[in-house]
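Report on the following structure.
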Amino acid sequence: MYLSLVLLGLCICFIILQLRPRRPKNFPPGPPVLPILGNTLYLNLQNPLDDLEKLRKSYGDVYSLFLGLKPNVVINGVKAMKEAMVIKAAEFAGRPQDTFLNDVFSVKGVLFADYGTSWREHRRFALMTLRNFGLGKKSMEERIHDEIQHTIKTLDKSIGKSLCPQVMFHNVTFNVICQVVFGTRFEYDDEFITTIIQSATEIAKTANRTWAMLYDTLPFIRKLPLPFNKAFESVKRSSELVRCLLNEHKKTRVPGEPRDFLDCYLDEMDKTAEDSSFSEEKLIFTGTELLFAGSDTTSNTLLTAFLYLMNHPHIQERCQQEIDRVLEGKDRACFDDRHQMPYVQAVVHESQRIANTLPLSIFHCTTKDSELMGYFIPKGTMIIQNMSSVLNEEGQWKYPHEFNPENFLNDQGEFVKPDAFMPFSAGPRMCLGEGLARMELFLIMVTLLRKFKFIWPEDAGEPDYTLIFGISMTPKPYPMKVQNRL
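Given below as structure tokens:
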């Protein structure tokens, strides 16, 4: 009996040891790996950013983590980021296909599609369509300015009062991308806009956090009725609404006369063969991805910007002086005015840096065996970009750990953009909507700062700059007091 128990114990130990993941030869170093769990216990799954930074100090700019049995490589700092995402771009441009986010967006549009012909065709098409958006009767700038007027009405009603700007900024950025994708805007209480914003918030809150990490680490829990199922339901609801809009759109469409992204995509479907990668299912998910990606990150950057501007009134005032000088005699700002506003440009970019809206970007994977900083990275290895390590890197910024526009100004007061500024990531997977986001941030901030003064309410206590972690970072809800300047 005693011998049988000893043998059973030895068998169990042997099985557990066999389940302990092993690093391949010359793989990046990392913390000791536990059987089954890997390195999951090393991370605070509610917000692992501090833990990732501690591991960087121990193991360097390129290190490995096992989430369950899967080896992952975390890259930190400008040098490693550029080698992977720019110099060896094609080798690091894949998307892992067995993760929470990829399963949520089951029909891949552009954002989560694997690196291949379909992804290249869709990305090329989306870039071309977004860049050419002088579509219809309004240019992109006019669309943004039209939407800002609705924001101004909201603020006019709140003069001298406190308001919570979260919904306001989500609404303005959401409607801008809606005009691009659907050629229309929605009233702020419309079911479509409220459902999509709630869905985007739910997914952003779930991704990169505890349940998503467990989903990726322990595949056997995926069929269980656990909280991550809310994200699947959110995408399903949103894609059904987009499908309804598409069906209505097709009834009024005139082939060859596109009004928006949907029309352009349908025209492309007409031109391509039946076995093309373009399809209505792909269109629905591409449209849904654009809505989520095109509104959430920009609105969170605006929320971060105004939180800091209210609590750094000298920076807000200097912006307003530059805006007044450059726009004197003009009805409104245009995007080209940024070249005469170095300080405002610096504030916009510093807001993006400090907001760090996509702290871990969207996970990549290697498309072939590769090397990074002298380490061997096998094909299919998931790559986690620690964007915080770049946007706060010592030696890359004058003031890496504080909100200071001087990070983007040289000694002559001219605007400069350091190499470490990559909030949209880099390489072939770089954010599709960078151009639109940059235009929105500049025009919205300049227009609102020209008309209003934003004040931190006296009874609001000390501001809390802590960002809530998720696939996108968002400030905690805060109050804002508004005064007319003119």
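All residue numbers for the sequence shown refer to the working numbering, where the first residue is 380 and numbers rise by one. All residues carry an ideal CB built from backbone N, CA and C; glycine is no exception.
If you look at Phe831, you'll find it isn't in any alpha helix (DSSP H); it sits in the beta strand (DSSP E) that goes Phe831 to Ile834. Collapsing the DSSP output to three states places Ser443 in a strand.
For Met689, the uninterrupted alpha helix (DSSP H) run begins and ends at Glu659 to Asn690, by DSSP. Fully contained in the stretch 456-488 are the following alpha helix (DSSP H) runs of length 4 or more, in chain order: 456-461 and 479-483.
Shown here for Ser804: same chain residues with a beta carbon closer than 7 Å to its own, the five before and five after excluded, namely Met464, Ser740, Gln764 and Cys810 in chain order. Excluding sequence positions up to five before and after Leu770, its CB lies within less than 6 Å of the CB of Arg732 and Asn735, all in the same chain and listed in chain order. The beta carbon of Leu681 lies closer than 6 Å to those of Phe548 in the same chain, with the five residues before and after it left out. Of the candidates Val723, Ile756, Phe657 and Asp430, Ile756 places its Cα closest to the Cα of Val452. With respect to Glu841, Gly456 sits apart: the two C-beta atoms are not nearer than 8 Å. The three-state secondary structure of Val726, taken from DSSP, is helix. Under the three-state reduction of DSSP output, Lys777 falls in the coil class, being neither helix nor strand. Partner residues in the beta bridge of His743, as assigned by DSSP, are Ile762. In terms of Cα proximity to Pro854, the closest of Asp675, Thr665 and Leu625 is Asp675.
Leu827 carries a helical assignment under DSSP once its states are collapsed to helix, strand and coil. Excluding residues up to 5 positions away in sequence, Pro721 lie with their Cβ nearer than 7 Å to the Cβ of Gly792 in the same chain. C-alpha of Thr580 to C-alpha of Leu624: approximately 21 Å in a straight line. Less than 8 Å separates the beta-carbon of Thr677 from that of Thr552. By the neighbour-count criterion, in which 16 or more other beta carbons inside 10 Å mark a residue as buried, Lys758 falls on the exposed side. DSSP, reduced to helix, strand and coil, places Asn771 outside both helices and strands of the structure shown, so it counts as coil. Closest option to Ser656, judged by alpha-carbon separation, among Ala469, Tyr594, Glu500 and Lys461: Glu500.
In this structure, DSSP gives Val453 an extended state, which the three-state scheme calls strand. The criterion of a C-beta distance shorter than 8 Å is satisfied by Thr745 and Ile762. A distance below 6 Å between beta-carbons, with the five flanking residues on each side excluded, links Lys433 to no residue of its chain. Residue environment: Gly539 is assigned as exposed (fewer than 16 neighbouring CB atoms within 10 Å of its CB, all protein chains considered). Proximity of the stretch 845-861 to the stretch 690-699 falls short of the contact definition, fewer than three beta-carbon pairs being nearer than 8 Å.
Non-local beta-carbon contacts of Leu593 in its own chain, meaning distances under 7 Å to residues more than five positions away in sequence, involve Ile600 in chain order.
Rounded to the nearest whole angstrom, the CA to CA distance from Tyr857 to Phe685 is 10 Å.
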